[in-house]
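Numbering (the numbering used here), first residue to last: 21 to 410. Backbone N, C-alpha and C define an ideal beta-carbon position, used for all residues, glycine too. Have a look at the structure below before the remarks.
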């Protein structure tokens with residue numbers, strides 16, 4: 021049975037159609053991101069460039085945090101000193117490189133697998149990762165997006181199923197919000213009811229999308245250290261490209277929850293870029309978003325989006341330092357779970373809240389134009405991870 025056949029035969033809390041899992045309901049949405057994607061996880065043929073060969077470990081169950089609109093500013097003012105993150109400098113400072121991929125082969129290396137393939141859920145009821153949206157081309161990793169075509173027989177059935185599931189999930193969310201609001205009193209009740217009644221139940225008015233997202237869940241994890249990547253992000257709005265790090269303990273049953281480190285998220289020219297940590301600050305099983313938009317001056321330059329930049333994060337259990345080309349962009353103090361390990365993730369995603377920006381982008385800067393889906397891709401030149409020697 022092929023990976024897609026395995027997925028199409030899996031029916032868990034939703035519709036299984038056209039090789040994808042369409043998850044419905046809030047509980048199902050949470051469960052889906054813990055790895056319900058069906059049978060075998062699709063593998064992409066290995067690249068001879070993978071160096072070093074990572075040690076293979078058991079796969080964690082993914083549980084991604086939603087991607088809301090970032091807050092305006094990070095927690096603390098960054099320091100301006102530039103840090104030399106070259107291999108020679110890091111080695112001299114007692115660091116050991118434990119992972120690197122420079123994508124020199126013709127296909128993506130076997131360290132990477134598609135994350136949550138074919139799963140529509142959570143903040144992305146109208147989009148799902150697909151293996152074909154991640155590839156290697158001219159020595160670069162490319163993540164892209166595609167709008168499914170209602171005129172295509174191959175896409176039509178999937179679009180219809182996704183629309184049905186999205187409307188049901190939205191209807192359930194609205195009903196739950198109204199029920200919760202009605203338990204309140206006075207102005208608080210009125211305000212909550214107004215907000216609940218405003219929740220749209222319209223399916224996927226902007227369309228249904230395929231996204232690119234891969235991770236190292238079957239091959240590599242790191243407890244703390246430095247992760248760096250040389251990346252160029254798409255200029256268009258309506259999506260966000262990201263290199264990020266996810267705890268291996270978020271299976272929905274463990275408290276406190278592990279952290280998610282969004283090393284860099286880019287929302288397009290006119291929107292900006294962010295550094296964010298999702299951490300269980302109160303150790304009560306609920307994640308708090310820390311950080312926000314950064315590099316406001318740099319990202320306001322249209323040319324900045326046409327260039328590659330080296331983004332990095334250096335972290336311990338209690339501090340997360342984000343840098344662009346070696347210069348600190350934000351520093352977030354938060355306590356992660358002791359003993360946690362993290363996997364690497366590269367993605368270009370279209371969350372439901374940002375899809376309207378594809379055709380009606382935020383006009384905050386000169387030269388903002390409607391997104392060209394044919395040009396909408398994220399390019400990664402290389403990615404690597406370092407650990408401090410004992």
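Specify the secondary structure class of residue i as computed by DSSP and reduced to three states.
i, result
"residue 149", "strand"
"residue 139", "strand"
"residue 417", "Nothing in the structure corresponds to residue 417, since the chain is present only between 21 and 410."
"residue 206", "helix"
"residue 414", "Given a span of 21 to 410 for the chain in the structure shown, any question on residue 414 remains unanswerable."
"residue 409", "coil"
"residue 219", "coil"
"residue 165", "coil"
"residue 327", "coil"
"residue 371", "coil"
"residue 172", "coil"
"residue 334", "strand"
"residue 186", "helix"
"residue 52", "A caution first: residue 52 carries a pLDDT of 36, below 50, which makes its placement in the model too unreliable to give a value."
"residue 63", "Summary for residue 63: the model assigns pLDDT 28, below 50, so the residue's position carries little reliability, and this model does not support an answer."
"residue 274", "coil"
"residue 74", "Because the pLDDT at residue 74 is just 31, under 50, the model does not fix this residue reliably, and the value given afterwards should be weighed accordingly. In this structure, residue 74 counts as coil in the three-state DSSP scheme."
Apart from the five residues just before and just after residue i, which ones in its own chain have a Cβ nearer than 6 angstroms to its Cβ?
i, result
"residue 285", "260, 262 and 294"
"residue 228", "146, 168, 179 and 182"
"residue 103", "346"
"residue 243", "361"
"residue 164", "153, 232 and 397"
Using a Cβ-Cβ cutoff of less than 8 angstroms, which residues in the same chain neighbour residue i once the five nearest sequence positions on both sides are dropped?
i, result
"residue 257", "287, 288, 289, 290, 291, 374, 377, 378, 381, 382, 388 and 391"
"residue 156", "67, 123, 125, 126, 127, 128 and 162"
"residue 275", "300, 303, 304 and 305"
With a cut-off of 8 angstroms on the beta carbons, I'd call residue i and residue j a contact; round off their distance for me.
i, j, result
"residue 311", "residue 365", "At roughly 17 angstroms, the Cβ-Cβ gap does not stay under 8 angstroms, so residue 311 and residue 365 are not in contact."
"residue 248", "residue 348", "At roughly 13 angstroms, the Cβ-Cβ gap does not stay under 8 angstroms, so residue 248 and residue 348 are not in contact."
"residue 236", "residue 341", "Actually they are not in contact, since the Cβ atoms of residue 236 and residue 341 sit about 22 angstroms apart, beyond 8 angstroms."
"residue 320", "residue 230", "Actually they do not touch by this definition, with Cβ atoms about 30 angstroms apart."
"residue 361", "residue 241", "4 angstroms"
"residue 105", "residue 330", "7 angstroms"
Determine the contact status of residue i and residue j, defining contact as a CB-CB distance below 8 angstroms.
i, j, result
"residue 252", "residue 399", "yes"
"residue 264", "residue 233", "no"
"residue 408", "residue 115", "yes"
"residue 197", "residue 216", "yes"
"residue 414", "residue 161", "Any property of residue 414 remains undetermined from this structure, which presents the chain solely from 21 to 410."
"residue 397", "residue 368", "yes"
"residue 223", "residue 195", "no"
Which residues in the same chain have their Cβ closer than 7 angstroms to the Cβ of residue i, if we skip the five residues on either side of it in sequence?
i, result
"residue 372", "143, 144, 145 and 146"
Would you list the residues sitting across from residue i in a DSSP beta bridge?
i, result
"residue 315", "Answer is none; residue 315 lacks a bridge partner."
"residue 281", "265 and 297"
"residue 362", "242 and 267"
"residue 253", "Residue 253 is not bridged to any residue."
"residue 123", "DSSP lists no partner for residue 123."
"residue 134", "234"
"residue 160", "157"
"residue 117", "406"
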